[in-house]
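In the numbering used here, the protein residues as written are 28 to 143.
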């Protein structure tokens, strides 16, 4: 018997992936696979400038190397559903998330100029 067949189990709530209010998200799958992190960072930087103007890269993740920045930020998030680099970016005011190739590369940016 599944939880949906057992009323005593309570309601089943599907997990939702929602982005925090005020965070713009760009998801992009380029027609050609990105060569590496450097190519991804260059593309993300162009997108950030296009959408925010001058911006600062706050945090990022490279799945190929399983490497994040700030480095070791996920160590204290071992039991959390939110990776450390995401928590760091959001708690430091990120306004743009660029996710490339289905999360292969993820970048968070903060605009340097005040938003209108």
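Backbone N, C-alpha and C fix where the C-beta goes; we use that ideal spot for every residue, glycine too. Quick caveat: nothing in here was measured; it's all calculated off a predicted structure.
Simplified DSSP state of residue i, which is helix, strand or coil
{"i": "residue 117", "result": "helix"}
{"i": "residue 55", "result": "strand"}
{"i": "residue 76", "result": "helix"}
{"i": "residue 140", "result": "coil"}
{"i": "residue 82", "result": "strand"}
{"i": "residue 62", "result": "coil"}
{"i": "residue 70", "result": "helix"}
{"i": "residue 128", "result": "helix"}
Nearest candidate by alpha-carbon position, reference residue i, set the options
{"i": "residue 90", "options": "120, 136 and 68", "result": "68"}
{"i": "residue 97", "options": "119, 66, 55 and 54", "result": "119"}
{"i": "residue 61", "options": "136, 83, 139 and 132", "result": "132"}
{"i": "residue 92", "options": "109, 76 and 64", "result": "64"}
{"i": "residue 121", "options": "109, 94, 108 and 82", "result": "82"}
{"i": "residue 140", "options": "75, 54 and 125", "result": "75"}
{"i": "residue 124", "options": "78, 94 and 108", "result": "78"}
Close Cβ partners of residue i (< 8 Å) along its chain, the five nearest in sequence each way excluded
{"i": "residue 56", "result": "127, 128 and 129"}
Neighbourhood of residue i by C-beta, 6 Å cutoff - its chain only, sequence neighbours within 5 removed
{"i": "residue 87", "result": "96 and 134"}
{"i": "residue 108", "result": "none"}
Neighbourhood of residue i by C-beta, 7 Å cutoff - its chain only, sequence neighbours within 5 removed
{"i": "residue 47", "result": "117"}
{"i": "residue 54", "result": "126"}
{"i": "residue 84", "result": "134 and 136"}
- Using 8 Å as the threshold, is the segment 108 to 119 in touch with the segment 69 to 80, meaning 3 or more CB pairs across them? no
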